[in-house]
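Q: For the sequence shown, the numbering used here gives the first residue as 7, with consecutive numbering after it.
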Amino acid sequence: MPELPEVESIRALLEGALSGEEIESLKKSKESLRKPLSKSVSYFKGKKLHSFKRWGKKLYIVLEGEKKDLSSLEVSLGMSGAFRFHGPNEVKKEKHDHLVFKLKGGNQLIYNDPRRFGWVKFFKETPQQQSWDPLLGSGKQRELAIKALRKTERSLYAFLMDQTYITGLGNIYVQEALFRSGLDPNLAGKRVSLKRADDLLLECTLILKESVKLGGCTLKDHKLIDGSSGGFQHKLMVYGKKKGEPCLKCGAKLVHQKQPRTLTWCRKCQKRK
Ligand SMILES: [Zn+2]
């Protein structure tokens with residue numbers, strides 16, 4: 007499932023390639039996504055692709071109407087959602103193309119999603135965000151996230167996976183941020199000192215920035231819209247490593263835990279503190 011850096015890489019490419027273009031028509035497939043698009047396709051005719059924004063793992067296509075009024079489409083890529091982009095003479099139809107934006111001049115922007123866990127939802131305005139995005143969030147949102155973390159009985163792993171206070175990290179970056187912070191993923195949030203909580207959030211920001219620079223992590227599904235791959239998969243210290251494989255930092259055997267997805271960590275490097 008794409009996490010913040012993967013979505014950010016897609017956003018930046020779309021922004022560079024398509025912002026300012028006008029929609030000539032939108033076609034919807036008969037197959038439905040997890041949430042149906044609650045606006046008729048005729049609404050989109052003549053709207054401009056004003057910009058592409060992101061919050062956490064969600065992408066926003068901001069649309070501009072004739073009177074400079076802005077609305078937006080919130081896109082969640084789910085498990086296997088992806089955008090592709092064709093120039094005028096290279097249009098190819100593929101199975102599971104759910105939305106096809108034909109643009110004036112012949113370009114096409116296509117949302118494809120074989121497993122259909124993703125969705126595209128219409129908003130009159132770009133929604134206000136409450137959760138802290140480690141790259142875009144405000145100081146106040148960060149403070150609230152630290153407070154919530156230091157109150158919770160839940161484990162650090164569960165707290166970071168849940169998107170309520172901190173948004174953007176999933177199974178990959180949560181495991182990597184906890185490893186880099188030297189924190190046991192099972193430690194209850196309320197047992198973490200202010201300093202360590204602050205360091206953990208800083209680590210979240212740093213790791214996401216690093217991955218964005220590399221175009222995200224390509225494991226199974228994530229491809230950039232030009233079909234190229236990200237590079238952060240080569241930086242992974244724990245995620246996806248085998249049980250018993252030596253820790254790249256200390257050499258101890260890595261452990262696996264079912265969460266229900268596999269959580270990999272090092273008991274020696276990640277101590278309860
Ligand atoms: Zn280790």
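C-beta atoms are modelled at their ideal positions from N, C-alpha and C, and glycine is treated no differently.
Around the Cβ of serine 15, are there at least 16 other Cβ atoms within 10 angstroms (buried) or fewer (exposed)?
A: Locating residue 15 in the sequence shown gives position 9, counting from the first residue. Serine 15 should be labelled buried.
Q: So aspartate 190 packs on lysine 277, CB below 8 Å; how close in whole Å?
A: Here the question's residue 190 lines up with position 184 in the sequence shown. Here the question's residue 277 lines up with position 271 in the sequence shown. Yes, aspartate 190 and lysine 277 are in contact; Cβ-Cβ is about 6 Å, under 8 Å.
Q: Out of curiosity, what's the CA-to-CA distance linking tyrosine 245 and glycine 176?
A: Taking the first residue of the sequence shown as position 1, residue 245 is located at position 239. Taking the first residue of the sequence shown as position 1, residue 176 is located at position 170. Those two C-alpha atoms are separated by around 11 Å.
Q: Taking just the CA atoms, how far does glycine 22 sit from leucine 242?
A: Here residue 242 is taken as the residue at index 236 of the sequence shown, counted from 1. Here residue 22 is taken as the residue at index 16 of the sequence shown, counted from 1. Approximately 28 Å between the Cα atoms of the pair.
Q: My guess is that asparagine 118 and histidine 92 are in contact by the Cβ rule of under 8 Å, so how many angstroms apart are they, rounded?
A: Start at 1 with the first residue of the sequence shown, and residue 118 comes out as number 112. Start at 1 with the first residue of the sequence shown, and residue 92 comes out as number 86. Actually they do not touch by this definition, with Cβ atoms about 12 Å apart.
Q: Whole angstroms are fine: how far does the CA of serine 144 sit from the CA of arginine 160?
A: Taking the first residue of the sequence shown as 1, we reach residue 160 at position 154. Taking the first residue of the sequence shown as 1, we reach residue 144 at position 138. Rounded to whole angstroms, arginine 160 to serine 144 spans 24 Å at the Cα level.
Q: Counting along the chain, where does the alpha helix (DSSP H) carrying threonine 211 start and finish?
A: Locating residue 211 in the sequence shown gives position 205, counting from the first residue. Unbroken alpha helix (DSSP H) run through threonine 211: 200–219.
Q: Tell me whether arginine 122 sits in a helix, a strand or coil according to DSSP, three-state version.
A: As a working note, residue 122 is residue 116 in the sequence shown. Note: arginine 122 maps to coil in three-state DSSP.
Q: If we count Cβ pairs, one from each stretch, closer than 8 Å, do we get three or more for the region 91–105 versus the region 51–58?
A: Output reads no: the region 51–58 does not touch the region 91–105.
Q: From this set, Gly188, Val180, Leu76, Ile29, which residue's C-alpha is nearest serine 217's C-alpha?
A: Your numbering for residue 217 matches position 211 in the sequence shown. Serine 217 has its Cα closest to that of Val180, out of Gly188, Val180, Leu76, Ile29.
Q: Ligand 1 heavy atoms versus the CB of glycine 237: any closer than 8 Å?
A: In the sequence shown, counting from the first residue as 1, residue 237 sits at position 231. For ligand 1, not one heavy atom lies less than 8 Å from the Cβ of glycine 237.
Q: Threshold first: 3 residues or longer. Then list the beta strand (DSSP E) segments lying entirely within the region 29–99, N to C.
A: Taking only runs of at least 3 residues, the beta strand (DSSP E) segments lying wholly in the region 29–99 are 29–34, 54–61, 64–70, 76–82, 88–92.
Q: When a residue counts only if its C-beta is closer than 6 Å to some heavy atom of ligand 1, which residues count, in chain order?
A: Going along the chain, the residues that qualify are Cys253, Lys255, Cys256, Ala258, Cys272, Lys274, Cys275.
Q: Strictly by DSSP, which residues pair up with isoleucine 172?
A: Residue 172 sits at position 166 when you count from the first residue of the sequence shown. Answer is Trp138.
Q: Would you tell me roughly how many angstroms separate the C-alpha atoms of glutamine 134 and glycine 250, rounded to the nearest one?
A: Walking along the sequence shown from the start, residue 134 turns up at place 128. Walking along the sequence shown from the start, residue 250 turns up at place 244. Spanning the two alpha carbons is a distance of roughly 44 Å.
Q: Within 10 Å of its beta-carbon, does glutamate 72 have 16 or more other beta-carbons around it, so buried, or fewer, so exposed?
A: Taking the first residue of the sequence shown as 1, we reach residue 72 at position 66. Label assigned to glutamate 72: exposed.
Q: Hey, how far is the Cα of proline 120 from the Cα of histidine 104?
A: Locating residue 120 in the sequence shown gives position 114, where the first residue counts as 1. Locating residue 104 in the sequence shown gives position 98, where the first residue counts as 1. Roughly 9 Å separates the two Cα atoms.
Q: Going by C-alpha to C-alpha distance, which of Thr270, Pro266, Phe238, Gly236 sits closest to proline 252?
A: To locate residue 252, count along the sequence shown from 1; it is residue 246. Among Thr270, Pro266, Phe238, Gly236, the Cα nearest to that of proline 252 is on Thr270.
Q: Between Arg17, Leu212, Thr173, which lies nearest to tyrosine 66 when the distance is taken from Cα to Cα?
A: Working through the sequence shown from its first residue, we reach residue 66 at position 60. Measuring from the Cα of tyrosine 66, the nearest candidate turns out to be Arg17.
Q: Assuming lysine 157 contacts lysine 196 (C-beta within less than 8 Å), just tell me the rounded distance between them.
A: Locating residue 157 in the sequence shown gives position 151, counting from the first residue. Locating residue 196 in the sequence shown gives position 190, counting from the first residue. With a Cβ gap of about 6 Å, lysine 157 and lysine 196 count as contacting.
Q: With 16 other CB atoms within 10 Å as the buried threshold, where does glutamate 209 fall?
A: The residue labelled residue 209 in the question sits at position 203 within the sequence shown. Buried, since its Cβ has 16 or more Cβ neighbours within 10 Å.
Q: Which residue from Glu30, Leu32, Lys33, Lys127 puts its Cα closest to that of serine 77?
A: Along the sequence shown, read from residue 1 onward, the residue named residue 77 stands at position 71. Among Glu30, Leu32, Lys33, Lys127, the Cα nearest to that of serine 77 is on Lys127.
Q: Beta carbon of cysteine 256, beta carbon of glutamate 9: below 9 Å?
A: Within the sequence shown, residue 256 is the residue found at index 250, counting from 1. Within the sequence shown, residue 9 is the residue found at index 3, counting from 1. Contact: no.
Q: My guess is that isoleucine 34 and leucine 43 are in contact by the Cβ rule of under 8 Å, so how many angstroms apart are they, rounded?
A: Here residue 34 refers to the residue found at position 28 when the sequence shown is read from its first residue. Here residue 43 refers to the residue found at position 37 when the sequence shown is read from its first residue. For the sequence presented, residue 34 should be read as lysine rather than isoleucine. Right, their Cβ atoms sit about 6 Å apart.
Q: Is the Cβ-Cβ distance between glycine 84 and serine 137 less than 9 Å?
A: Taking the sequence shown and counting its residues from 1, one reaches residue 84 at position 78. Taking the sequence shown and counting its residues from 1, one reaches residue 137 at position 131. No. Outside cutoff.
Q: Here's the rule: buried if 16 or more other CB atoms are within 10 angstroms of the residue's CB, otherwise exposed. What is proline 11?
A: Against the sequence shown, residue 11 aligns to sequence position 5. That one is buried.
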